[in-house]
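Chains as they are written, first to last, in the numbering used here: chain A, 1099 to 1283; chain B, 1099 to 1283; chain C, 1099 to 1283; chain D, 1099 to 1283.
To start, the structure under review is shown below, and the notes come after it.
Number of protein chains: 4
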Amino acid sequence: MRADAQRNHDKILEAAEQVFALEGVTVPIDLVAERAGVGIGTLYRHFPTKESLFEAIVTTRLSSLLASADAFTRDLDPAIALDAFLREFAKQAAEKQDLFEALGQAGIDVKLKYSGLVDELTARVDTLRRRAVVAGTIRSDVDTNDIINLVMGTCHAAGHTGADDEGLQRLVSIVIAGLQPVTPR
Amino acid sequence: MRADAQRNHDKILEAAEQVFALEGVTVPIDLVAERAGVGIGTLYRHFPTKESLFEAIVTTRLSSLLASADAFTRDLDPAIALDAFLREFAKQAAEKQDLFEALGQAGIDVKLKYSGLVDELTARVDTLRRRAVVAGTIRSDVDTNDIINLVMGTCHAAGHTGADDEGLQRLVSIVIAGLQPVTPR
Amino acid sequence: MRADAQRNHDKILEAAEQVFALEGVTVPIDLVAERAGVGIGTLYRHFPTKESLFEAIVTTRLSSLLASADAFTRDLDPAIALDAFLREFAKQAAEKQDLFEALGQAGIDVKLKYSGLVDELTARVDTLRRRAVVAGTIRSDVDTNDIINLVMGTCHAAGHTGADDEGLQRLVSIVIAGLQPVTPR
Amino acid sequence: MRADAQRNHDKILEAAEQVFALEGVTVPIDLVAERAGVGIGTLYRHFPTKESLFEAIVTTRLSSLLASADAFTRDLDPAIALDAFLREFAKQAAEKQDLFEALGQAGIDVKLKYSGLVDELTARVDTLRRRAVVAGTIRSDVDTNDIINLVMGTCHAAGHTGADDEGLQRLVSIVIAGLQPVTPR
DNA sequence: CATGAATGAGGCTTCATTCAT
DNA sequence: TATGAATGAAGCCTCATTCAT
């Protein structure tokens, strides 16, 4: 790909993230192009559909999360790795709230479209979860999907209430606390 | 208001809830009218704006929640009242997911518009929370707004993943567990 | 249908015929609406697609032709009925050239879409042809479809060269002459 | 012109003929470039306008027809030369139907633009016609332009109905029959 | 000179809202 | 008052043409 094309591609992606995060996924595409400083024609050359633009963003994000999950699995003590990952997950998700708007936009469709990456993410989180169970920091009877859903829902709520990073982490802390083993008195 | 007018008003509200819940808040308003079995003109006579229709729905819901909160405060043991209310809250919210779509549609606008009722709800939940703290079933250091946000976020996530009532209650259980006091070993 | 709606429906159809005939079938639909004196929204209420507008026009035309064919079959001497019908056919077709633009726009698609009416027209022309054969004014070895194609092609050519009615009839006369039995010297 | 430039020029022309014939003259010009195996920039260097590309094709075709007309005039018996030429005309026209699409695209414009060649063609056909009249194989009262229009219209119709070469020749035969002198019984 | 990325006017269509019946 | 027809701004997208690499 030519240098200028690559630059535009990146500018568009970045602009889309910002605009979608700021105004929601229903903004006219023209605004994205304007923000990126390119014509709509250019935008459409790179992303032939509004949906394909979502897809690109979501894919990028999920890939980044996958990388984080891998790194945490590799580098951290199993007792704290899940914890750390969920916080990172929340952080990324809240920063770019549109990820979840887009993910949730059409419910089942989304699942089908990104199912590969979502499945991979689920697998990564499951690994972290099982190791945490072994380490004794997590209850053994919670489902991996439940964990993911809780974190995503938390981010959604935080996003809509305009919570800052600290506020979000406070919510995540509660969720994490809810995952811990019940200690007999 | 004449009897038939009242009947149309109710039919429209009910249809709107169903349609929004089924298809999302972006459906053309014509579908609501069709579902209600009235003409668009009639719909607009009762609700002069799409937004005013949201408003009416949300107001109804929040009022219903307020009533529940009051009843639970009055009738239940403080040790379990908050718990019961959060489950009821989740249930209502998940049944009619559009409440939160609508609530979250424009972020700050919502807050301004329904701030009165939201504040009242917050006050009720706060009452339940304080009594639960006294009863020793809830940590003393969580914010009432955080609790509300967690439950709402949970419903959102549950809604998008198509979870049934049981699935939702599972998620809520985790949140509630996270609110419990940390027991020293 | 309400009176005003019917009036608009007709105005739109009429405007579409004129505009398509004048400017070709590629004109923006806005021009049709403008010519009809209605907003585009109204146009789209009556014809939800540009194609459906073509369809309506074509259907109207073909129906009119069918009626003519029936009348000529009923009222005229078989020896001259086909002749008369082909001239009428050419006249209608040339007047509203867009019929054939639309008919020919997508080749096979058209056939599928209007196949019912086209088949009926073919059947009518076939009846006229067979009676003319019996009457001895037409060769027995020409295909009905060939006759139709010749007339349509003739109209197309006449249309593009801006021929007037007399010019068109001159062309049709040659075609008709070509259909007559070869007289042995 | 450099050898490679000439080669590109030819490749583009050939590709354009094929693509226009296959998909109609409304195809995006990019498809022509792709088919020709060159970039759009290159296409535009050779033909600065879509219309200029039509023009080049049409000119090529008409020139070829002129050459045929000359050859037939020179080499064939006047009694059959017109007949033969009209069949050749139809054949070429049907093979590359887009010639007439393009010719007819804007009616009067075409006439103006190619009037020189069209006039020359008309002159050639007129020569053939007059000699056929003298030979007694053609009526003396038909206009040369009528003959040309009939053949072109016939090709148009044949093209849209997907007729093969045999089908086309059948139609042309009828037209030719219609041009013959009326034999007194 | 070749390439293909960039441009943006313009096309089709939707839908919240107004207005005539 | 109920109805639904009318409206038109605004959205998504295409494609002929220009321009930087």
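From the three backbone atoms N, C-alpha and C, an ideal C-beta is built for every residue, glycine too.
In whole angstroms, what is the alpha-carbon distance linking residue i and residue j?
i: VAL1280/B; j: ILE1236/B; result: 9 Å
i: PHE1118/A; j: GLY1135/C; result: 39 Å
i: THR1147/A; j: THR1140/A; result: 12 Å
i: ILE1272/A; j: LEU1277/B; result: 6 Å
i: SER1238/C; j: PRO1176/D; result: 30 Å
i: ARG1268/B; j: THR1252/B; result: 10 Å
i: ALA1103/B; j: ALA1154/B; result: 16 Å
i: GLN1203/A; j: ARG1159/B; result: Bear in mind that a pLDDT of 47 at GLN1203/A, under 50, signals an unreliable position, so the number given afterwards is only what the model happens to contain. If I take the Cα positions, the gap works out to 23 Å.
i: GLU1112/D; j: ARG1185/C; result: 40 Å
i: HIS1107/C; j: GLY1122/D; result: 32 Å
i: GLU1218/C; j: VAL1231/C; result: 20 Å
i: GLU1132/B; j: ALA1114/B; result: 10 Å
i: THR1157/A; j: HIS1144/C; result: 42 Å
i: ALA1256/C; j: ILE1274/C; result: 16 Å
i: GLN1116/D; j: GLN1190/D; result: 13 Å
i: ARG1228/D; j: LEU1215/D; result: 20 Å
i: GLU1193/B; j: SER1161/B; result: 16 Å
i: ASP1262/B; j: ALA1188/B; result: 12 Å
i: ALA1179/A; j: ASP1224/A; result: 12 Å
i: THR1124/D; j: THR1124/C; result: 10 Å
i: ASP1207/C; j: ALA1169/A; result: With a pLDDT of only 49 at ASP1207/C, under 50, the local geometry of the prediction cannot be trusted, and no value is derived from it.
i: PHE1183/C; j: THR1220/C; result: 13 Å
i: ILE1138/A; j: VAL1130/A; result: 9 Å
i: TYR1142/A; j: PHE1152/A; result: 13 Å
i: ASP1181/D; j: THR1171/C; result: 35 Å
i: LEU1164/D; j: LEU1248/D; result: 18 Å
i: VAL1270/A; j: HIS1254/A; result: 12 Å
i: GLY1205/A; j: LEU1266/B; result: A caution first: GLY1205/A carries a pLDDT of 39, below 50, which makes its placement in the model too unreliable to give a value.
By the 10 Å Cβ neighbour count, where 16 or more other Cβ atoms means buried, how is residue i classified, buried or exposed?
i: VAL1240/C; result: buried
i: ILE1246/A; result: buried
i: GLU1264/A; result: exposed
i: ASP1244/D; result: buried
i: PRO1126/C; result: exposed
i: ASP1128/A; result: exposed
i: ILE1110/D; result: buried
i: THR1259/D; result: buried
i: ALA1101/B; result: exposed
i: ARG1222/C; result: buried
i: ALA1167/A; result: buried
i: MET1250/B; result: buried
i: GLY1226/D; result: Position check: residue 1226/D holds Leu in this sequence, whereas Gly was assumed. Buried, because 16 or more other Cβ atoms sit within 10 Å of the Cβ of LEU1226/D.
i: LEU1120/B; result: exposed
Residue range of the alpha helix (DSSP H) that residue i falls in?
i: LEU1151/D; result: 1148–1173
i: PHE1183/A; result: 1176–1193
i: LEU1239/A; result: The identity of residue 1239/A in the sequence shown is Asp, whereas the question assumes Leu. Counting along the chain, ASP1239/A falls outside any alpha helix (DSSP H), and DSSP gives it neither H nor E.
i: VAL1117/A; result: 1101–1121
i: THR1140/C; result: 1138–1144
i: GLY1276/B; result: 1263–1277
i: VAL1130/A; result: 1127–1134
Where the stretch 1257–1283 of chain C meets chain D: residues whose CB sits under 9 Å from a CB there: GLY1257, HIS1258, THR1259, GLY1260, ALA1261, GLY1265, ARG1268, LEU1269, SER1271, ILE1272, VAL1273, ILE1274, ALA1275, GLY1276, LEU1277, GLN1278, VAL1280, THR1281, PRO1282 and ARG1283
Within 9 Å of chain A by C-beta, residues of the stretch 1214–1225 of chain B in sequence order: none
Members of the stretch 1230–1258 of chain D that neighbour chain C once the beta carbon cut-off is set at 9 Å: ARG1237, VAL1240, ASP1241, ASN1243, ASP1244, ILE1245, ILE1246, ASN1247, LEU1248, VAL1249, MET1250, GLY1251, THR1252, CYS1253, HIS1254, ALA1255, ALA1256, GLY1257 and HIS1258
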